[in-house]
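Per the numbering used here, the sequence shown starts with residue 1, numbered consecutively.
Read the structure below first, then the notes.
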Amino acid sequence: MTRIMREWSETEEKIAQDTVDKFHKVLIAMLVEKQMTHADLGAALGVSRARATQLLGPNTNPSMRYTALVLHRLGYTLEIKKI
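Right, dumping it as structure tokens:
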């Protein structure tokens, strides 16, 4: 498979990590708002409670596809804006 990206700059790494961190914060806020447990999230996603808990962990980096699925199953969508 051909690589489509060169190495990431320090700034790009920070932007990417900040985006993942924001997703985690928003996801946790959604769970609080909906009064959902990790087990409830797992059930909504069709995965175990342990897998749902991993999704909320600091070292996870969910794909855009999985992020979209999580948001959809919780009744949300993702909006992307030009910077």
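For glycine and all other residues, C-beta sits at the position ideal for the given N, C-alpha and C.
Mapping DSSP to helix, strand and coil, what is residue i?
i	result
residue 15	helix
residue 71	helix
residue 81	coil
residue 34	coil
residue 7	coil
residue 46	coil
residue 56	coil
residue 76	coil
Would you grab the beta carbon distance between residue i and residue j for me? Rounded to a whole angstrom, and I think it's under 8 Å.
i	j	result
residue 27	residue 70	7 Å
residue 29	residue 73	Actually they do not touch by this definition, with Cβ atoms about 16 Å apart.
By Cβ distance, which residues of its chain are closer than 7 Å to residue i, with the 5 residues on each side in sequence left out?
i	result
residue 60	54
residue 49	38, 39, 42
residue 77	71
residue 24	56
Cutting at 8 Å between CB atoms, please list the residues of its own chain near residue i, excluding the five before and the five after it.
i	result
residue 8	16
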